[in-house]
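Visitor: This is the structure I have questions about; it appears just below.
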Amino acid sequence: MTVQVFARVLAYILLAPLVGGLLEGIDRKLSARMQRRVGPPLLQPFYDVIKLFKKQTIAVSTAQSFLLMTYLVMIILTGAMYYGGSDILMCFFVMSTGATFLYFAAIVTSSPYATVGANRELLQMVSYEPAVLLACVGFYLVEGTFSVSEIASSRYSAIMYLPGFFVAFVYILTIKMRKSPFDTSTSHHMHQEIVKGLTTEMGSKNLALFQVTEWYENVFLMGVIGLFIKNSSPISTVAAILVILVVYFLEILIDNSSARVKTDMMIKTSWGVTILCAGVNLLVLMLVR
Amino acid sequence: MANIKRSPWLLHYDGSSCNGCDIEVLAALTPVYDAERFGVMNTGDPMQADIFLITGGINAQNQATVKQLYDQMPRPKVVVAVGVCACTGGIFKDCYNILGGADTTIPVDIYVPGCAARPQAIIDGVVQAVELFQQRSDEHDALVKQNKEGREK
Ligand code: SF4
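First to last, the protein sequences are chains E and Y. Going by the working numbering, the first residue of the first sequence is number 1, and it counts up by one from there. Going by the working numbering, the first residue of the second sequence is number 1, and it counts up by one from there.
Put into structure tokens, the structure is as follows:
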């Protein structure tokens, strides 16, 4: 058992950047196709990161590299804990702690654009946190445990009891993945009203670190999507992967078909969706039980 | 010597151009020409850029800005002057405020002529810049290695 856990954690640490990078490559290719362009090669994200690692490092603040490193380690820890089958609530706490380091990495530069981006990142956290916590509560109500490995090996898929929580989680996933219309803090697209927002002062190596962290984070988030589907039967693993791919495609579609909204709009709608979907689902669960 | 020419990120700065060349630069990114298939990304951030694409001449006011943008870009970097304005000052050459082409302020590597420069010419210029970028990167690597060895001795 412990060997299995160890193997899963190791697989996450080694494979997550590859899977995450590949997912981003697919994302860029699909986006280009949606805009009727040919698009970059599938491995473009890897080329980008390799180049960034090779460039001269200009650091506005020496603390930035350290803070970004901590952010990376925190997110790896989150994913490792998650794929190791530990406490899901704890995973999200560690993730939020990591996100604060990202905030500091942007704000130490005291660049106006990075500061605005960092503040918006905080607002993004405010928007997605309720849905994330409610999802944990939902898992607990249905399965009676926070343990990821036990939730994943229960008899029925959690989504049967938690459809509302699932909708809310997919909604905030757009915020978490910094996709349009909620790419307020920093954008993957070329221009933004605050230059590159959060990542404005991150050049070369630091930007590469940020990019790799994002890959780790995406693989973790996709895993959480899979947890809604996964149950004790092996077929559910296939179903989980299918659902993950569908959700990822949906994110790309939304990204390409919507314009950026203001932050207050983001908070209002995300809280609204959370309360409506997850809240009503929660009420029903508590009444039926 | 990693192959880094697959990922050239552009910084586009509009000097005192008439906007003609800028429209053409943006046209190069549209579906018709799609520069992203070469890995080209148009970033607005000098810290993340590899190739400095400048349109329009240098005037008394933007000289400091152009200089600063160039200095903020991490090495290795390449400068491309797009349109005759950026090459020599072009049609505005004799204006009282124009100092001349981009090379009056920063070292320009590739000159793309035309008024306005055509998207094909711009992409061609960028592709040449990418080759130069790779070459510079290799030189940069060799230099870094030399320094390291020097320190170890
Ligand atoms: S070269 Fe011609 S089109 Fe380009 S900025 Fe100058 S005047 Fe305008």
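Built from N, CA and C at the ideal position, the CB exists for glycine as well.
Examine the Cβ distances between the stretch 96 to 113 of chain Y and the stretch 125 to 139 of chain Y and report whether three or more of them are shorter than 8 Å.
Guide: The answer is yes - the stretch 125 to 139 of chain Y touches the stretch 96 to 113 of chain Y, with three or more Cβ pairs under 8 Å.
Visitor: Output the distance between the C-alpha atoms of Y/F133 and Y/G39, rounded to the nearest integer angstrom.
Guide: About 13 Å.
Visitor: Can you tell which of E/T2, E/A11, E/F53 has its C-alpha closest to the C-alpha of E/K205?
Guide: Checked all of E/T2, E/A11, E/F53; the closest Cα to E/K205 is E/F53.
Visitor: With hydrogens ignored, establish whether the beta-carbon of Y/A121 is closer than 6 Å to any heavy atom of the ligand SF4.
Guide: Result no, Cβ not under 6 Å from the ligand SF4.
Visitor: Below 8 Å on the Cβ atoms is my contact criterion, and I expect Y/G15 with Y/G56 to pass it. Report the Cβ-Cβ distance as a whole number of Å.
Guide: With 8 Å as the limit, Y/G15 and Y/G56 qualify as a contact, their Cβ atoms being about 3 Å apart.
Visitor: Any C-beta of chain Y sitting closer than 7 Å to the C-beta of E/G272?
Guide: Cβ-Cβ to chain Y under 7 Å: no for E/G272.
Visitor: How big is the Cα-Cα spacing for E/V19 and E/Y83?
Guide: Roughly 14 Å between the two C-alpha positions.
Visitor: Contact check, Y/A49 vs Y/L11 under 8 Å by CB: the rounded distance?
Guide: So it is a contact: roughly 4 Å between Cβ atoms.
Visitor: Please confirm if E/A131 has its CB atom under 7 Å from at least one CB of chain Y.
Guide: No - not a single Cβ of chain Y is within 7 Å of the one on E/A131.
Visitor: Does the count of Cβ pairs from the stretch 199 to 216 of chain E and the stretch 123 to 141 of chain E closer than 8 Å reach three?
Guide: Counting Cβ pairs under 8 Å, fewer than three are found: no touch.
Visitor: Count the other CB atoms, across all protein chains shown, that sit within 10 Å of the CB of E/F210; report buried if there are 16 or more and exposed otherwise.
Guide: E/F210 should be labelled buried.
Visitor: So what does Y/F52 bridge to, in DSSP terms?
Guide: Per DSSP, Y/L11, Y/V79.
Visitor: By the 10 Å Cβ neighbour count, where 16 or more other Cβ atoms means buried, how is E/E201 classified, buried or exposed?
Guide: With 16 or more Cβ atoms within 10 Å of its Cβ, E/E201 is classed as buried.
Visitor: Taking the beta strand (DSSP E) that Y/L99 belongs to, which residues open and close that run?
Guide: Element bounds for Y/L99: 98 to 100.
Visitor: Tell me the residue span of the beta strand (DSSP E) that contains Y/I110.
Guide: Where Y/I110 is concerned, the enclosing beta strand (DSSP E) stretches over 110 to 112.
Visitor: For Y/G39, which residues in chain E fall below 8 Å Cβ to Cβ?
Guide: Neighbours of Y/G39 on chain E, chain order: P40, P41, Q44, Y47, D48.
Visitor: If you draw a straight line from the alpha carbon of E/I254 to that of E/I175, how long is it in whole angstroms?
Guide: Rounded to the nearest angstrom, the two C-alpha atoms are 12 Å apart.
Visitor: Are the C-beta atoms of E/G197 and some chain Y residue less than 7 Å apart?
Guide: It does not: the Cβ of E/G197 has no partner Cβ on chain Y nearer than 7 Å.
Visitor: For Y/Q68, collect the residues of the same chain with a Cβ closer than 7 Å to its Cβ; drop the 5 residues on either side in sequence, then sort them by chain order.
Guide: Around Y/Q68: no qualifying Cβ.
Visitor: Find the nearest neighbour of E/G223 within the set E/P234, E/Y47, E/T78, judged by alpha-carbon distance.
Guide: The shortest C-alpha separation from E/G223 is found at E/T78.
Visitor: Find the residues of chain Y that neighbour E/A158, judging by a C-beta separation of less than 8 Å, and give them in chain order.
Guide: Neighbours of E/A158 on chain Y: none; closest Cβ ~39 Å, over 8 Å.
Visitor: When the Cα of E/L250 is compared with those of E/S180, E/C136, E/K262, which residue comes out closest?
Guide: Minimum Cα distance to E/L250 is reached at E/S180.
Visitor: On the DSSP bridge list, what partners appear for E/D87?
Guide: DSSP lists E/S147 as partners of E/D87.
Visitor: Is there a Cβ from chain E that is less than 7 Å from the Cβ of Y/M1?
Guide: Any reading at Y/M1 must be qualified, since the residue scores a pLDDT of 44, below 50, and its modelled position is unreliable; the value itself is stated next. It does not; no Cβ of chain E falls within 7 Å.
Visitor: Quick one: measure Cβ to Cβ for E/F139 and E/A158, integer angstroms, because I've assumed they're closer than 8 Å.
Guide: At roughly 6 Å, the Cβ-Cβ gap stays under 8 Å, so E/F139 and E/A158 are in contact.
Visitor: Against chain Y, with Cβ distances strictly below 7 Å, would E/K205 count as a contact?
Guide: No, E/K205 does not count as interfacial toward chain Y.
Visitor: I'd like to know if Y/S7 contacts chain E, where contact means its C-beta is closer than 7 Å to some C-beta of that chain.
Guide: With 7 Å as the cut-off, Y/S7 counts as an interface residue toward chain E.
Visitor: Tell me which residues share the same chain as E/G21 and place their Cβ nearer than 6 Å to its Cβ, disregarding the 5 neighbours each side in the sequence.
Guide: Counting only Cβ-Cβ distances below 6 Å, and skipping sequence neighbours, we find P45, F46, W215.
Visitor: Closer than 9 Å by beta-carbon distance: list the chain Y residues that pair up with E/K179, in chain order.
Guide: Within 9 Å Cβ-Cβ: nothing; E/K179 doesn't reach chain Y, min ~17 Å.
Visitor: Is the beta carbon of E/S127 closer than 7 Å to that of E/I267?
Guide: Yes, the Cβ-Cβ distance between E/I267 and E/S127 is below 7 Å.
Visitor: Put Y/M1 into one of helix, strand or coil per three-state DSSP.
Guide: Low confidence applies here, because Y/M1 scores a pLDDT of 44, under 50, leaving its location unreliable; read the following figure in that light. The answer is coil: DSSP assigns Y/M1 none of H, G, I, E or B.
Visitor: Run down chain E in chain order and give the residues with a C-beta less than 7 Å from the C-beta of Y/D45.
Guide: Result: V195, K196, T200.
Visitor: Can you list, in chain order, the residues of the stretch 18 to 37 of chain E whose Cβ is nearer than 9 Å to any Cβ on chain Y?
Guide: Going along the stretch 18 to 37 of chain E in chain order, one finds R28, A32, Q35, R36, R37 with a Cβ nearer than 9 Å to chain Y.
Visitor: For a test of your reading of the model: does the CB of Y/G90 fall under 6 Å from any non-hydrogen atom of the ligand SF4? Yes or no.
Guide: Yes - the ligand SF4 has a heavy atom lying nearer than 6 Å to the Cβ of Y/G90.
Visitor: At a cut-off of 6 Å, is E/V261 close to the ligand FAD when judged by its beta-carbon and the heavy atoms of the ligand?
Guide: This structure lacks the ligand FAD; its bound ligands are the ligand SF4.
Visitor: In angstroms with no decimal places, state the Cα-to-Cα distance between E/T186 and E/P40.
Guide: If I take the Cα positions, the gap works out to 21 Å.
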